[in-house]
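Read the structure below first, then the notes.
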Amino acid sequence: MQLYLNDTSPFARWVLVTALEAGVEDFSLVWVDPWASPGSLTAINPFSTVPTLKPENEPAVFESLLVCQYLLGLNEKTANVEWRVASGLHRLAKGKTLMEMAFRRVVLQRFVAPPKNCELIARSEEGVSRALAELEQFFHAPPYGTTASRLSIADLCLAVALAYVRFRLPELFQTAATAKTSEILQQWEKRPSFAATSPQALKAQPESLRALKSSAAASR
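Okay, structure coming up:
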């Protein structure tokens, strides 16, 4: 089984965190530049997007939410994370859309010129800011699952989304995120799965999930 990814995608990080929390043993990591549309990726995913999972003897699975669902199905009984979409649907929607909005803002900044005159950039920033501000009340209304040993896929999505906003849009995070949101994010990031998939760790581009876990264990 192979996972095609790059080291800056929040969607790929969400998949890696899910795999680690689910106790998935191993799969190969194939590092690609999706913007270059490499033939190895377009041959299994015509959209040239990451993450893309290629199981053995099965068609590829893409779209991060579906990849996470596939991985959870491999080890559902013993995983630390569960697929509780019904009970965490709002959290999942919040985290997934926050991730997509922040990613869109970063991509537009990279490719659109002049960015100051781009309405889509402005709308993305406004949406991210409103979402961050709303999380103060959200995190005071349980359950949000940050201290539980068994998290939901929605928790992981929201955590990775927040980490991505703070990493890529630090000024926006500092302005809009509350102290409570920062506190919750710090709690999440203490988990081994988040330490193993930090932007710094992924820059090394390990060849497999097992190598990623080994590198993280050696650094502790």
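According to this note's numbering, the stretch in the sequence shown is residues 34 to 253, in order.
Glycine included, every Cβ here is placed at the ideal spot set by N, Cα and C.
Beta-carbon gap between residue i and residue j smaller than 8 Å
i	j	result
W47	C101	yes
S241	S61	yes
V83	F227	no
A166	A209	yes
L218	A192	yes
L205	S162	yes
C190	L141	no
Whole-Å CB distance - residue i paired with residue j, under 8 Å assumed
i	j	result
L86	V94	5 Å
M132	Y197	6 Å
A249	P225	7 Å
Counted within 10 angstroms of its Cβ, other Cβ atoms place residue i as buried (16 or more) or exposed
i	result
A45	buried
V145	exposed
T214	buried
W68	exposed
A55	buried
R199	buried
R138	buried
Spatial neighbours of residue i in its chain, beta-carbon cut-off 6 Å, leaving aside the 5 residues before and after
i	result
P71	V65
Other residues of its chain near residue i: CB distance less than 7 Å, five sequence neighbours each side excluded
i	result
A181	With a pLDDT of 49 at A181, under the threshold of 50, the predicted position of this residue should be treated as unreliable, though the coordinate-derived value follows. Within the same chain, A181 has no close Cβ partners at all.
P239	L62, L245 and S248
| query | At a cut of 8 Å, does the segment 219 to 238 reach the segment 162 to 170 through at least three beta carbon pairs? | reply | no
| query | Using 8 Å as the threshold, is the segment 74 to 90 in touch with the segment 222 to 231, meaning 3 or more CB pairs across them? | reply | The segment 74 to 90, when compared against the segment 222 to 231, does not touch it at the 8 Å Cβ threshold.
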